[in-house]
Amino acid sequence: MVESVRVAAVTQIALEDRASVKAEFGRIEPSKQEGVIEIVTSWMEQGIRQGQAEGSQREAQSFALRLLRRKFGEIASELEHQVRALSVTQLEELGEATLDFSTIADVVAWLERLDNENNQ
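Residue numbering for the sequence shown follows the working numbering, beginning at 2 and increasing consecutively.
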């Protein structure tokens with residue numbers, strides 16, 4: 002329990018000050034340092050993966066919305082909200098489908114079809 006509190010303290014400090022992390026790490030029993038390193042490394046890797054996924058999501062959203070705006074001008078906020086709710090794969094599909102759309106109504110119909118498919 003004490004070690005988990007220390008790990009939490011080290012993690013919080015790591016965000017603020019590396020020198021403090023080194024000092025705090027030195028207070029952990031040497032026999033437990035390897036375990037702490039594994040835990041912290043795991044958290045860092047998880048954070049990196051999550052950050053990459055969120056970055057991919059934002060970029061896919063941005064690209065799909067830029068395509069729609071370039072083709073149709075400003076789009077309604079409700080439509081933008083629907084686009085932002087899509088997964089990366091769906092956003093990529095929307096980007097490709099945008100090449101075939103003639104009107105904004107085509108976009109709305111595409112989103113409705115997608116919603117119907119997901120609700121079945």
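C-beta: ideal position from N, C-alpha, C; glycine also.
- DSSP, read as helix, strand or coil, puts Thr90 in helix.
- DSSP, read as helix, strand or coil, puts Asp107 in helix.
- Leu69 sits buried, since 16 or more C-beta atoms from the chains shown fall within 10 Å of its C-beta.
- Within a 10 Å sphere around the beta-carbon of Leu100 sit fewer than 16 other beta-carbons, which makes this residue exposed.
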